[in-house]
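Just below is one structure, and these are the notes that go with it.
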Amino acid sequence: MNKDKLIGLIIWGSIIGISGFVMLFFSVHFGTSIAENWLIKQGGADTDYYNIIVKSYINNFLVGGGILFAVGLATNFIAYYKLQSIKDKSNLD
1 MNKDKLIGLI
11 IWGSIIGISG
21 FVMLFFSVHF
31 GTSIAENWLI
41 KQGGADTDYY
51 NIIVKSYINN
61 FLVGGGILFA
71 VGLATNFIAY
81 YKLQSIKDKS
91 NLD
């Protein structure tokens, strides 16, 4: 891989990581908003059932955000390591 492709990979990894972090940080807001829309479409629901729906949507955003954040972080670490090894090779030659 050349230097430009690795820099592009770092940018994509950063975008994925930031979007995962946003999903983690705002999971309660996103989950509650979607659950409220679900409640409006249903026209009403039992309180316990609504709480189950809210928790499940929040958990969905926590899991999805965690996966995206981990993938973005791992991508950045690997690409940065490869970029440094390319720079070290060019310095040795």
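Numbering-wise (the UniProt record's numbering), the sequence shown opens with residue 1 and increments by one.
Glycine included, each C-beta is placed from N, C-alpha and C at the ideal position.
CB contact flag (residue i, residue j, <7 Å)
i, j, result
"G17", "F61", "no"
"Y50", "I34", "no"
"L83", "L6", "yes"
"W38", "I53", "yes"
Nonlocal neighbours in the same chain, by C-beta distance under 8 Å from residue i, ignoring five residues either side
i, result
"G20", "G64, G65, G66, I67, L68, F69, A70, V71, G72"
For residue i, the nearest candidate out of the options (CA to CA)
i, options, result
"D4", "A79, M23, E36", "A79"
"F26", "S85, N2, N59", "N59"
Open item on the list: Counting beta carbon pairs with one atom in the region 41–52 and one in the region 5–15, are three or more of them shorter than 8 Å?
Closed with: no
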